[in-house]
Ligand SMILES: [Fe+2]
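Structural data, given as structure tokens:
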């Protein structure tokens, strides 16, 4: 894999202090540079990234630096975010949580970061647990089995998303409502109920250092400060935060199991854990395809690095001579 020469690490921040860009990303000024005869600003603009806004208002960002991304949105998510997925492509598409999603009524409130519950796990270990509710009864004994009808729990396998539906017990319907959990391959989630929404992502520092971040949104009509807001924070958010902490603790424990050989190869339940297999197959397929591409190209492939930048780094003789010390 190519590495940036160390001098770039300080050159870039130093330059950026004196560079300004227009809203369209074109270089506007670069102190002491823009007056040079051989410095065309147009060649030093920011490179474009790709965005996709779903009908629900979710904005997806793809940092692929190519004009046409290697993986377009439709290749990644298919019809997962269409308001009414095509019934012929999925017999269960009559269940569509986003028909219930009100895109104009959410306000960002805060982000919860999970490191206090543990960080020593791989993000894929957490993702495994997110693909099933087999663990719900024993992994969340004081919450989910008490308030939700786990026997009616339902999972609809999407194109790049696994969509979980957790209906409240009949006597708890007014209090809890139905909960919708959409896992986005590879490492994100959208979770919403009638009163809150979490947009979850993972900050994976290295293989065994992961932090789960839960962006928390509230309905616009909850004024701050107010008794209703405090109650929402303590009761609604507090309920799910407790569940999230348990999930992180489960991931830490499962990781320990993988590392000491207790967990490993085994048989997944064909009904309860079919999405775990779906997920693991997707990871395996992605890694295999990427490895094959790199073997074919004869070099490391990173779609977020502009081609000309990668070529520059590849051509640098010093970079090629250096081993891991280049990090310093
Ligand atoms: Fe869980």
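Numbering (the numbering used here), first residue to last: 2 to 329.
Ideal placement from N, C-alpha and C gives every residue a C-beta, glycine not left out.
Keep in mind the model is a prediction, meaning the values are calculated, not measured.
Closest to residue i by C-alpha separation, out of the options, would be which residue?
{"i": "residue 272", "options": "116, 133, 31 and 81", "result": "133"}
{"i": "residue 142", "options": "257, 251, 302 and 26", "result": "251"}
{"i": "residue 185", "options": "27, 129, 304 and 298", "result": "129"}
{"i": "residue 49", "options": "57, 59, 27 and 228", "result": "27"}
{"i": "residue 191", "options": "19, 99 and 303", "result": "99"}
{"i": "residue 155", "options": "161, 169, 55 and 249", "result": "169"}
{"i": "residue 275", "options": "163, 295 and 236", "result": "163"}
{"i": "residue 256", "options": "125, 102, 241 and 44", "result": "125"}
{"i": "residue 53", "options": "62, 46, 47 and 241", "result": "62"}
{"i": "residue 83", "options": "147, 71 and 160", "result": "160"}
{"i": "residue 120", "options": "283, 262, 290 and 249", "result": "249"}
I need the straight-line Cα distance from residue i to residue j, nearest angstrom please.
{"i": "residue 209", "j": "residue 259", "result": "12 Å"}
{"i": "residue 182", "j": "residue 200", "result": "10 Å"}
{"i": "residue 95", "j": "residue 23", "result": "The pLDDT assigned to residue 95 is 49, lower than 50, so where the model puts this residue is not dependable, and the model offers no usable value."}
{"i": "residue 330", "j": "residue 109", "result": "This structure gives no information on residue 330, because the portion of the chain shown stretches from 2 to 329."}
{"i": "residue 122", "j": "residue 203", "result": "11 Å"}
{"i": "residue 310", "j": "residue 113", "result": "36 Å"}
{"i": "residue 13", "j": "residue 73", "result": "Note on residue 13: pLDDT 39, under 50, position unreliable in the model; no value is reported."}
{"i": "residue 86", "j": "residue 304", "result": "Model confidence at residue 86 stands at a pLDDT of 46, short of 50, so the residue's coordinates are unreliable and nothing is read from them."}
{"i": "residue 145", "j": "residue 244", "result": "8 Å"}
{"i": "residue 227", "j": "residue 196", "result": "16 Å"}
{"i": "residue 76", "j": "residue 32", "result": "42 Å"}
{"i": "residue 307", "j": "residue 67", "result": "7 Å"}
{"i": "residue 30", "j": "residue 235", "result": "49 Å"}
{"i": "residue 56", "j": "residue 301", "result": "36 Å"}
{"i": "residue 297", "j": "residue 65", "result": "20 Å"}
{"i": "residue 217", "j": "residue 198", "result": "6 Å"}
{"i": "residue 43", "j": "residue 35", "result": "10 Å"}
{"i": "residue 223", "j": "residue 20", "result": "41 Å"}
{"i": "residue 178", "j": "residue 237", "result": "11 Å"}
{"i": "residue 219", "j": "residue 174", "result": "19 Å"}
Does at least one heavy atom of ligand 1 sit under 6 Å from the Cβ of residue i?
{"i": "residue 189", "result": "no"}
{"i": "residue 140", "result": "yes"}
{"i": "residue 129", "result": "no"}
{"i": "residue 282", "result": "no"}
{"i": "residue 204", "result": "no"}
{"i": "residue 248", "result": "yes"}
What does residue i pair with, by DSSP beta-bridge criteria?
{"i": "residue 198", "result": "193 and 218"}
{"i": "residue 53", "result": "61"}
{"i": "residue 20", "result": "31"}
{"i": "residue 207", "result": "210"}
#### Entry: Unbroken stretches of the beta strand (DSSP E), 3 residues or longer, contained in the stretch 100 to 179
107 to 114, 155 to 158 and 162 to 167
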